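For reference, the structure discussed in these notes is given below.
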Amino acid sequence: MNDVLICEQLEKCYNRGKPNEITVLKGLDLTIPKGQVVALVAPSGAGKSTLLHIAGLLDTPDSGRVLIDGEDLTGARDGKRTAARREKLGFVYQFHHLLPEFSAVENIVLPQLANGVSRKAAEERAKDLLSRVGMAGRMDHRPSALSGGEQQRVAFCRALANGPSLLLADEPTGNLDPTTSDTVFDVLMGLVRETGLSALIATHNMELAAKMDRVLHLDNGALEEGI
Ligand SMILES: Nc1ncnc2c1ncn2[C@@H]1O[C@H](COP(=O)(O)OP(=O)(O)OP(=O)(O)O)[C@@H](O)[C@H]1O
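Numbers 1 to 227, taken from UniProt numbering, label the letters of the sequence shown in order.
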């Protein structure tokens, strides 16, 4: 199975039957092969978060299917979806959501412990990931002692901690100034390329989108190939 993510004919409507009913996804199809990095570009309110939540198994569509690594998880029980999220998916958000009372290393160790990895192996992996994003000298700092760009690098490492198949990112550098955003985005892309990861990365920044393998525009509930 070479396709890491398959979304088939996704439909999603909010407030069905009410005056404020809104259909956000209208038969949306999306296939991401292994190793492909896809930019998701959408005007505000077009349904980018809705799609990321459904692809990330945090929400369910009204109809259609979501397959991760060939497995249909659309109607799977909660425990199975949670396990798939932990083992197969990595998430990065606009704001890092790191645990403030833990160091950079610990923030990357904890999800691995939850996945059954030994502390020693988890620490080794955390330190290796942090070194690869230029954070070797700041591993024991808590998030509050790190810059915004550094915090986001830690968040990238945490997303990759359990060796996911697919990275889902929502404006991963959106809260950084333009120069830091470019640098930190290049760090993320380096990490993604090194690990052969597939990714769906939402961004409003067309320069960043152009650095990815494929650009998809979400418009009127479906995806169109862009530049
Ligand atoms: N839980 C919900 N209940 C009702 N309407 C919702 C809900 N979640 C989202 N919507 C509506 O669905 C539409 C798409 O929302 P979504 O958050 O997916 O857009 P978005 O493209 O991520 O927007 P932004 O870029 O501004 O975050 C919006 O009109 C939003 O108001």
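Just so you know, even glycine gets a beta-carbon here, dropped at the ideal spot from N, CA and C.
These figures come from a predicted structure and were not determined experimentally.
Leaving aside the five residues that flank ASP29 on each side, the residues in its chain whose CB is nearer than 8 Å to its CB run, in chain order, CYS7, GLU8, GLN9, LEU10, ALA222, LEU223.
Of all C-beta pairs linking the segment 57-77 to the segment 136-152, fewer than three are shorter than 8 Å, placing the two stretches out of contact. Between GLN152 and PRO172, the C-beta spacing is below 9 Å. At least one heavy atom of ligand 1 is found less than 8 Å from the C-beta of GLY45. Secondary structure of HIS217 (DSSP, three-state): strand. Under a 10 Å Cβ-count criterion, ASP170 is classified as buried, with 16 or more other Cβ atoms of the shown protein chains found around its own Cβ.
Contact between PRO143 and HIS96 holds, since their C-beta atoms are separated by about 7 Å, short of 8 Å. One thing to note: LEU167 has its Cβ no nearer than 9 Å to the Cβ of VAL184. Straight-line spacing of the CA atoms in LEU57 and ALA76 works out to 10 Å. Excluding the 5 residues flanking it on each side, ALA46 has same chain C-beta neighbours closer than 7 Å at LEU218, ASP219, in chain order.
DSSP places VAL38 inside the beta strand (DSSP E), whose first and last residues are 37-41.
Approximately 6 Å separates the beta-carbon atoms of GLY35 and SER198; this is inside 8 Å, confirming the contact. Under the 10 Å beta carbon count, ALA210 is surrounded by fewer than 16 other beta carbons and is classified as exposed. With respect to the C-alpha of LEU200, the residue from ALA39, ILE22, ALA104, LEU98 having the closest C-alpha is ALA39.
Under the three-state reduction of DSSP, GLY149 is assigned to helix. In this structure, the alpha-carbon of LYS48 lies about 24 Å from that of GLY190. Membership of GLY79 in the alpha helix (DSSP H) is indicated by the continuous run 78-88.
ILE201 has its CB no nearer than 8 Å to any heavy atom of ligand 1.
Residue pairing for THR23: DSSP places it in a beta bridge opposite CYS13. Look at VAL24: its beta carbon is less than 8 Å from one of the heavy atoms in ligand 1. Excluding the 5 residues flanking it on each side, ARG138 has same chain C-beta neighbours closer than 7 Å at ALA104, LEU146, GLU150, in chain order.
Within the DSSP secondary-structure output, CYS7 pairs in a beta bridge with LEU30, VAL66.
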